[in-house]
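Each residue of the sequence shown is one higher than the one before, counting from 1015 in our numbering.
From the three backbone atoms N, C-alpha and C, an ideal C-beta is built for every residue, glycine too.
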Amino acid sequence: MSYSGAVVDSIMSSPEGSPQPEQDDLLYEDWYIDDPQEPTVPPHEIILPCFPTLSDGLYHLILAPVSLCTLLLLCFLVRRRKLCTSFCWGLPGVLSPLNLLEGSGNNWVPCAAFGLLFSSIFRMFLDPTALNFIANSDGSLKELWKILALFYYPALYYPLVAGHSVQNIPGYIAGTILSWMHCGALIWQKAECPQTPQFYSYYSLLATVPQICCLLLLSIIYPILLLQKLRQPSHSKQMSERNYYLKYLKNLLRRKVSKTSKDSVSIGSQVSLNLCSYLCSSNTGFRLSQRSLLAVTVSVLSAYQVALLLMVGFLPTVQKIRSAIDGEFVLMLAGFGVTVDEDKNKAVDYIVYYIWAVEVCYIAALVLSCTVTLTMLLRSLVKHRWALQSLCAGQVSQVFLKPRSLHPSPPALASWMSHISYQAAVTCIGLILQHVVLFLVHLVVTFLIIIPIAYGKFQIILHILEKTWPFWLLLFLVTVVQHLCAYFIFSQGSPRQTTNRRSLFLCTYIFLPVNILRGLLLSVARLVVSVTFNVIHFCRLDLSLMQHSVQGWDPGYRNYCHFLLLEVSECHPLVRAFCLLLKPPSLKKPDLEEGEAFFCNMCLLYVCPAQFKNWCTRRVLRKSIYIK
């Protein structure tokens, strides 16, 4: 023990046993002497934190109680004693946001309110905090706050829609005040803090543009509705709705005059006419339902948000990479065996040009995918109107392959409630798929066709053709020979008949191996065509992406079918027209919150025609109504 202690003491006492602390510090500092001391982010790209005067917490703290008080005030102002006399002594109830089945009134207000709600929810999911003003919540509670936000934002914007559904002066005043408050507060926030460090400096401002537009629209429409309510009589709107359905009935019963025009139509006018008929329906007498307009509006806003996210998530990063290309990057590529050009400066120029070409391809693909998505949404409106007209005329076989009952069912009601949300979600995914496919197509065309022809670079296709040209020539010649033989040798006569059967069988046997290779190309072409068609039409729920016999397995198409059946069963224009003929013009308009017996009487024509006839007879005898 004494020997070991002496050894330890000698080691500790010797100067070479361990280095001094000063030597450790010198060695530690020498390790990092070559590290850069300047910040890696340029000064002009540093975005300082901004604290607006009207913070998110103060914004919600003010407007949430105001919205709640407005909703309660409207509930007490709109008495429903005639509807609920036997329930709670006729006390006011919760207002309905709007009558989605009737579709009467101004369509701009619900479209703006639904667009505002969707834009807020979309921004909420991309925000680091759940409700914007809860910034200090724990990480485990953020998801719970996001779930709470899914119900908070509909409640926050609920009075903006309920004020329109009331259709009286207090409702329009409340909608005007609330829309002005929301719009002013949001514009104030973005004017003070237009830049944020999230994704891109101006991403938050650009993502708020749909919200500002919707609020501006509400801020303009509500005062206009208020002025119209003060100037016009109360029954003028009811008369306009009555006139619409009666005009539809007159147009339907009017004798169709055959138009025989022998005037020659130019090719340009014919193309424009076909394009307009593809995107816009020519029949203006049949009005689209409000639900379909809401679905298209929300889908367009969802496409804008996704396109903006795709833009700011890719282009700024690629632009930074392009600006950082220099000679050292060329040397690094040479170390991996990639030589762009012998001259270093030309190599840098080529690489910068190639990255710029990628940016152009990305932007072109994004613009084209947005255009295709918008075109498909407009086409779905045209097909939806055609399907409604066909079903209202009783032509069920033109819309569905199998006969279906037009009565409402629980699955139809569930699909009807979720149709707008499904359409928006499918549009988002469809836009992303279209952009990916179109971006790949643009890259292939640019780097394998345009750049090789213009600059002599990336001649991959040319090298492949130089090695495999006999194979492609063989396939081409075999294809031409088969078609020529089929047309001139194996099919003859005035009514075409199969001849030279022995030669036909011999050619079939000889060309079997080559046709297998042609079949491989056919399979690739089939895959490309099917993928292209499905990706382009992915955002259309009215079109199934599956074969006719298994269309029911497509959940999107099944949802649309249920939605269409409920729209037809509850919103038939002919039934509305006949009921308006039987109803006196001076009769007070039914309350829009319930729909009550008015829709029930209209649906009697489908459920029980005899009962509908008896109901009409009783109304005529009791009210002494004559049809003009």
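In chain order, Val1312, Ser1313 and Ser1316 place their CB closer than 6 Å to the CB of alanine 1438, counting only its own chain and leaving out the 5 sequence neighbours on each side.
Residues Leu1077 and Leu1229 of the same chain have their beta carbon placed closer than 7 Å to that of histidine 1196, with the five preceding and five following residues left out of the count.
Pairing tyrosine 1186 with leucine 1240 gives a Cβ-Cβ distance under 8 Å. The beta carbon of alanine 1221 is closer than 7 Å to those of Arg1137, Gln1319 and Leu1322 in its chain, skipping five residues each way along the sequence. If you draw a straight line from the Cα of tyrosine 1214 to the Cα of valine 1332, it is about 13 Å long. For aspartate 1070, the enclosing alpha helix (DSSP H) starts and ends at 1070 to 1091.
In the same chain as leucine 1087, and ignoring 5 residues on each side of it, the C-beta atoms closer than 8 Å to its own belong to Pro1184 and Ala1188, in chain order. Three or more beta-carbon pairs drawn from the segment 1440 to 1454 and the segment 1551 to 1569 are found closer than 8 Å, and the two stretches are therefore classed as touching. Of the candidates Gly1349, Leu1579, Val1386 and Ile1226, Leu1579 places its Cα closest to the Cα of glutamine 1403. Classified as exposed, lysine 1416 has fewer than 16 neighbouring CB atoms from the shown chains inside 10 Å of its CB. Glutamine 1511 is bridged by DSSP to Gln1506. Taken through DSSP and simplified to helix, strand or coil, tyrosine 1318 comes out as helix. Within the same chain, Asn1573 come within 6 Å of tyrosine 1436 by CB-CB distance, once the 5 residues on both sides are set aside.
In this structure, leucine 1395 lies near valine 1310, with their beta-carbon atoms less than 8 Å apart.
Here the segment 1541 to 1548 does not lie against the segment 1371 to 1389, with fewer than 3 beta-carbon pairs under 8 Å apart. Here DSSP, grouped into helix, strand and coil, assigns serine 1435 to helix. Judged by DSSP secondary structure, alanine 1348 falls within the alpha helix (DSSP H) whose first and last residues are 1341 to 1349. Counting along the chain, valine 1123 sits inside the alpha helix (DSSP H) bounded by residues 1122 to 1140. Taking a contact to require three or more Cβ pairs closer than 8 Å, the segment 1482 to 1490 and the segment 1521 to 1539 qualify as touching. A distance below 8 Å separates the beta carbons of phenylalanine 1128 and leucine 1308. Annotation: alanine 1379 to valine 1326 spans about 15 Å, alpha carbon to alpha carbon. With 16 or more other Cβ atoms inside 10 Å of its own Cβ, proline 1173 counts as buried.
With contacts defined as CB atoms closer than 8 Å, leucine 1420 and serine 1537 fail to qualify as a contacting pair.
Of the residues assessed, tyrosine 1171 falls on the buried side of the cut-off, its CB having 16 or more other CB atoms within 10 angstroms.
Between the alpha carbons of alanine 1169 and serine 1429 lies a distance of about 22 Å. In this structure leucine 1232 is buried. Its beta-carbon is surrounded by 16 or more other beta-carbon atoms within 10 angstroms. Taking 8 Å as the cut-off, the beta carbon of isoleucine 1369 is found no closer than this to the beta carbon of arginine 1399. The straight-line gap separating the alpha-carbon atoms of valine 1344 and tyrosine 1367 is approximately 14 Å.
In the three-state reduction of the DSSP assignment, lysine 1471 falls in the coil class. Rounded to the nearest whole angstrom, the C-alpha separation of leucine 1302 and aspartate 1556 is 15 Å.
Per the coordinates, the alpha-carbon of threonine 1210 lies some 16 Å from the alpha-carbon of leucine 1068. If only complete runs of 4 or more residues are kept, the segment 1350 to 1424 shows the alpha helix (DSSP H) at 1358 to 1406 and 1410 to 1413, in order along the chain. In this structure, DSSP gives methionine 1560 a state outside helix and strand, which the three-state scheme calls coil.
If you check the CB distance, glutamine 1203 and proline 1066 come in under 8 Å. Around the beta carbon of threonine 1441, 16 or more other beta carbons sit within 10 angstroms, so the residue counts as buried. Closest in C-alpha terms to aspartate 1363, from the list Leu1324, Tyr1469 and Leu1559, comes Tyr1469.
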